[in-house]
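Worksheet: one structure, shown below.
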């Protein structure tokens, strides 16, 4: 009968030994690098998507508006016989928003090519993802609003009617990117792109203002309460047209 082979105790101990601290450290570093690469890739993808939104959609509607005015000589929905120079100037409720099918039809009737929107018949809308990966929707309208402009002295402002593109459903990151592209700086009070609530701020000061939302706020909230899975808060911006 062949005797059983015995294993040294040291061999058993070596076989049961776990990872060393060095191996665990290297593993954690690799995992951290992978997670960082995923986060960077996601941010780059979102930035590229926001860039397309700005170039193809917002600037597309700006070009459509300028083409309309250059072609017919007055803003959309203004009176052709007695133009006021204001959007919806021919309406009994002058100064109201021109939105949806009424806006789209006005441009189409003038032979203006519209940017591609969310879907057929929804050229005024564009879907995108916020920084938490949740769906958001931008909607464009046009309106004549009161707009604060420099007055007769430093830090003094007067309110004047101006035609603007109304951009609804804007997150902070999208607003900041649009602001940098349009004005070259992030300021919700001054420049051609402003927060709706600050567009006609005639307070005597040279101090700018931050956008009224940030990436920490949950949709419908004004406080920093969002979770990673929350849909992010949005605001409305005014983009002043040249005429």
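Numbering (our numbering), first residue to last: 786 to 1028.
Just so you know, even glycine gets a beta-carbon here, dropped at the ideal spot from N, CA and C.
Go ahead and label residue 1027 buried or exposed: buried means 16 or more other beta carbons lie within 10 angstroms of its beta carbon, across all protein chains shown. Classification for residue 1027: exposed.
Does the beta-carbon of residue 945 have 16 or more other beta-carbons within 10 angstroms, so that it is buried, or is it exposed? The residue in question, residue 945, is exposed, as its Cβ has fewer than 16 Cβ neighbours within 10 Å.
Of the residues 1007, 1020, 967 and 951, the one placed nearest residue 883, counting alpha carbons only: When each option's Cα is compared against that of residue 883, the closest is 951.
Residues near residue 839 by beta carbon distance below 7 Å, same chain, minus five either side: 962, 963 and 966, listed in sequence order.
Who are the Cβ neighbours of residue 879 in its own chain at under 8 Å, not counting the five residues just before and after it? Result list for residue 879: 869, 871, 873 and 929, in chain order.
Output the boundary residues of the alpha helix (DSSP H) element that contains residue 996. Per DSSP, residue 996 lies in no alpha helix (DSSP H) and is assigned neither H nor E.
Provide the residue span of the beta strand (DSSP E) that contains residue 962, from first to last. For residue 962, there is no enclosing beta strand (DSSP E); the residue is part of the alpha helix (DSSP H) that begins and ends at 957–968.
Beta carbon of residue 978, beta carbon of residue 1024: below 7 Å? Taking the C-beta atoms as reference points, residue 1024 is found nearer than 7 Å to residue 978.
Helix, strand or coil at residue 929 according to DSSP, with G and I counted as helix: If DSSP states are grouped into helix, strand and coil, residue 929 belongs with the strands.
Here's a check: name, in chain order, each residue in its chain whose Cβ is nearer than 6 Å to the Cβ of residue 915, leaving out the five neighbours to either side. Excluding residues within five positions, the ones whose Cβ falls inside 6 Å are 921, 956 and 1017.
Distance check for residue 816 and residue 1009, CA to CA, integer angstroms please. Distance between the alpha carbons of residue 1009 and residue 816: 29 Å.
DSSP beta-bridge partners for residue 948? Answer by DSSP bridge pairing, in chain order: 929.
If we call anything under 7 Å between Cβ atoms a contact, is residue 924 one with residue 943? Between residue 924 and residue 943, the C-beta spacing is not below 7 Å.
Give a yes or no on whether the C-beta atoms belonging to residue 911 and residue 842 are separated by under 7 Å. Result yes, Cβ atoms of residue 911 and residue 842 sit closer than 7 Å.
Beta bridge counterpart(s) of residue 923 as assigned by DSSP: Under the DSSP definition of a beta bridge, residue 923 partners with 911.
Figure out for me which residue from 940, 1020 and 1015 has the closest Cα to the Cα of residue 988. Ranking 940, 1020 and 1015 by Cα distance to residue 988 puts 940 first.
For the candidate residues 981, 859 and 926, whose alpha-carbon lies nearest to that of residue 881? The shortest Cα separation from residue 881 among 981, 859 and 926 belongs to 926.
Could you pull the DSSP bridge partners for residue 1024 from this structure? The partner list for residue 1024 (beta bridge, DSSP) reads 950 and 978.
Considering only the beta carbon of each residue, do residue 968 and residue 976 sit closer than 7 Å? Yes, the pair counts as a contact, with Cβ atoms nearer than the cut-off.
For residue 1013, which residues in the same chain have their Cβ closer than 8 Å to its Cβ, ignoring the five residues on either side in sequence? Once the five neighbours on either side are set aside, the close Cβ partners of residue 1013 are 917.
DSSP three-state label for residue 850, please. It is helical.
What residue does the alpha helix (DSSP H) around residue 906 start on, and which one ends it? No alpha helix (DSSP H) contains residue 906, which DSSP labels as neither H nor E.
Which word fits residue 813, buried or exposed, when buried means at least 16 other C-beta atoms lie within 10 angstroms of its C-beta? That one is exposed.
Who are residue 943's beta bridge partners in DSSP? Beta-bridge pairing links residue 943 to 934.
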